[in-house]
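Below you can see the structure in the form of structure tokens.
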């Protein structure tokens, strides 16, 4: 039996894009708090990762328009997941931070997603799991660019 030819960079990139998008979509469905939209969860994750931020900073990080971010923050505040506080240097602005309840939801969601992904990868060979371990830092680097 002959081996398959190595995929070209274009084919590999298209395959990677498609696989990452499908996997991300499946991971998004592994949520603890169904009442939160994926965008709301992403804003909470950004606050957890980067710390408190102004609405404008959050809008830039999340690539949304400031009025959209203002609405998202209002919904999260209404649910008790973020709080607004006066900006320490500029009293015209506010700083948004997550609450303990939001951090708990994020921790539970991460645990659920990690368990789901661990179960999924348990069906792989040891060589495939080694490839994933080696690829994880590269994928993280791409996510940061």
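Residue numbers (this note's numbering): 240 to 384. Don't be surprised by glycine CBs; every beta carbon is placed ideally from N, CA and C. No experiment lies behind these values; they were computed from the predicted model shown.
Sorted by chain position, which residues of the same chain lie with C-beta nearer than 7 Å to residue i's C-beta, five sequence neighbours on each side aside?
| i | result |
| --- | --- |
| residue 295 | 305 |
| residue 282 | 297, 301, 311 and 315 |
| residue 309 | 294 |
Within 10 angstroms of the Cβ of residue i, are there 16 or more other Cβ atoms? Answer buried if so, exposed if not.
| i | result |
| --- | --- |
| residue 260 | exposed |
| residue 307 | exposed |
| residue 348 | buried |
| residue 320 | buried |
| residue 341 | buried |
Determine, using beta carbons only, whether residue i and residue j come nearer to each other than 9 Å.
| i | j | result |
| --- | --- | --- |
| residue 345 | residue 336 | no |
| residue 275 | residue 318 | yes |
| residue 303 | residue 278 | yes |
| residue 378 | residue 360 | no |
| residue 271 | residue 351 | yes |
Indicate whether at least one CB of chain B lies closer than 9 Å to the CB of residue i.
| i | result |
| --- | --- |
| residue 269 | Checking the listed chains, one finds no chain B in this structure; it contains a single protein chain. |
For residue i, which of helix, strand or coil comes out of DSSP?
| i | result |
| --- | --- |
| residue 361 | coil |
| residue 267 | helix |
| residue 322 | strand |
| residue 393 | Residue coverage of the chain in this structure runs from 240 to 384, which leaves residue 393 outside it and unanswerable. |
| residue 250 | helix |
Cutting at 6 Å between CB atoms, please list the residues of its own chain near residue i, excluding the five before and the five after it.
| i | result |
| --- | --- |
| residue 355 | 269 |
Using 8 Å as the cut-off, classify the Cβ of residue i as near or not near the heavy atoms of the ligand SAH, replying yes or no.
| i | result |
| --- | --- |
| residue 289 | The ligand SAH is absent from the structure shown, which contains no ligands of any kind. |
task: Inspect the CB distances between the stretch 243-263 and the stretch 278-294 and report whether three or more fall short of 8 Å.
output: Contact between the stretch 243-263 and the stretch 278-294 is absent: fewer than 3 CB-CB pairs across the two stretches fall below 8 Å.
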